[in-house]
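Residue numbering for the sequence shown follows numbering that gives the first Met the number 0, starting at 0 and increasing by one per position.
Each residue gets a CB set at the ideal place from its N, CA and C atoms; glycine is no exception.
Let me begin by presenting the structure, written as structure tokens, before commenting on it.
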Amino acid sequence: MAEIQATLAKLAGLLKAIQNTADEVVGRGDMKEPRRHHKRGDVGHYFEQTSKHVETLRAAMPELFGELRKIDTEPDTPMATDPPSNMYSRAQMLALARDISQIFEIRANSELAAPAAAERPRRVFITHGNTEEWRKVQPFIEKDVRIETIELAQEYNGGQTIIEKLIANADRCDSAVIVWTGDDVDGAGVKRARENVMHEIGFFQGRYGRGRVILLHEEGVNVPSNLYGLVYSPFPKGTVEASFHLLQRELTHLYGL
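Quick look at the structure:
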């Protein structure tokens with residue numbers, strides 16, 4: 000099971016990187032548009048790594064992932080170069096992102112997405128970007144809702160890598176609350192959450208199931224379309240407490256309080 004969790008965490012990271020690359024804008028002024036083609040040296044490793052991780056999942060859990068299609072790692076678009084060569088099209092990049100999203104969709108909706116209720120540790124994993132808003136969320140959950148929490152930076156490292164530490168502490172929880180704030184700005188000026196937050200959302204969807212991941216969403220910050228199925232509550236910048244009514248309602252329902 001640890002291998003599957005590590006594979007899902009790596010796929011979540013790949014998904015974010017692929018989406019960012021596919022959304023890369025080139026040109027100037029009114030001529031800006033997404034880059035249409037990508038060189039093998041720039042993105043080929045995304046396809047190769049995804050293919051390797053898909054095969055790992057197909058072998059480890061054939062009942063869930065055995066029917067996933069094999070990933071074509073070769074670029075699909077011939078270019079008029081000398082010598083002739085192929086490049087990866089933006090459409091091929093987006094198709095790869097959809098293939099990875101399908102994995103999280105299958106995992107999140109399967110009966111194997113989370114341990115049985117009797118085995119759940121009844122603890123909430125809090126993840127966040129660079130803002131301090133999460134420091135309001137943690138005491139609210141612990142003191143008002145009366146559920147224990149984990150926040151990764153507060154936990155002992157013990158010589159673990161970030162992924163190892165994430166997996167180990169995720170096993171101690173059975174739901175996640177994501178504080179989604181606009182810490183980064185992309186090339187088009189759109190506010191986005193930090194990459195680590197996106198990676199962890201995909202991981203938690205696979206680990207706990209979509210219904211046990213709650214997104215507290217800062218208004219005006221872009222939410223990728225593959226996250227729209229999550230439970231989420233918007234809040235004005237700097238006032239995450241505006242989302243606490245929904246947070247308490249969802250946690251009360253999840254934990255039967």
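Check, Outcome
"Any heavy atom of the ligand ATP closer than 6 Å to the beta-carbon of residue 163?", "With respect to the ligand ATP, the structure offers nothing, as it holds no ligand at all."
"For the stretch 6-16 against the stretch 92-105, do three or more pairs of beta-carbon atoms, one drawn from each stretch, fall closer than 8 Å, so that the two count as touching?", "yes"
"Give the C-beta separation of residue 232 and residue 250 to the nearest angstrom, bearing in mind that I take them to be a contact with Cβ-Cβ under 8 Å.", "Between residue 250 and residue 232 the Cβ distance is about 12 Å, and since that is not below 8 Å, they are no contact."
"Going along the chain, which residues of its own chain have a beta-carbon closer than 6 Å to the beta-carbon of residue 247, five neighbours each way excluded?", "144"
"Any beta carbon of chain D sitting closer than 7 Å to that of residue 13?", "Absent from the structure: chain D. Only one protein chain is present."
"Between the alpha carbons of residue 79 and residue 151, how many angstroms are there, rounded?", "50 Å"
"Excluding the 5 residues preceding and the 5 following residue 202 in the sequence, name in chain order all residues of the same chain whose CB lies nearer than 8 Å to its CB.", "4, 7, 8, 11, 165 and 169"
"Give me the residue from 74, 108 and 83 with the minimum Cα distance to residue 95.", "74"
"Give a yes or no on whether the C-beta atoms belonging to residue 178 and residue 148 are separated by under 7 Å.", "no"
"Between the alpha carbons of residue 115 and residue 2, how many angstroms are there, rounded?", "A caution first: residue 115 carries a pLDDT of 49, below 50, which makes its placement in the model unreliable, though a value can still be read off. Near 20 Å, if we compare the C-alpha coordinates of residue 2 and residue 115."
"What residue range does the alpha helix (DSSP H) around residue 241 cover?", "Element bounds for residue 241: n/a, residue is neither H nor E."
"Across which residues does DSSP place residue 154 in a beta bridge pair?", "Beta-bridge pairing links residue 154 to no other residue."
"Skipping 5 residues on each side, what residues in its chain have a beta carbon closer than 8 Å to that of residue 25?", "31, 32, 33 and 34"
"How would you call residue 117, buried or exposed, if buried means at least 16 neighbouring beta carbons within 10 angstroms?", "Here the model assigns residue 117 a pLDDT of 49, short of 50, so the residue's position is not dependable, and the following value carries that caveat. Flag for residue 117 reads exposed."
"If you draw a straight line from the C-alpha of residue 174 to the C-alpha of residue 37, how long is it?", "38 Å"
"Just checking my contact of residue 208 with residue 107 at CB under 8 Å: how many whole Å lie between their CB atoms?", "5 Å"
"So what's residue 109 in DSSP terms, helix, strand or just coil?", "coil"
"Cα separation between residue 218 and residue 239?", "10 Å"
"Here's a check: name, in chain order, each residue in its chain whose Cβ is nearer than 7 Å to the Cβ of residue 237, leaving out the five neighbours to either side.", "none"
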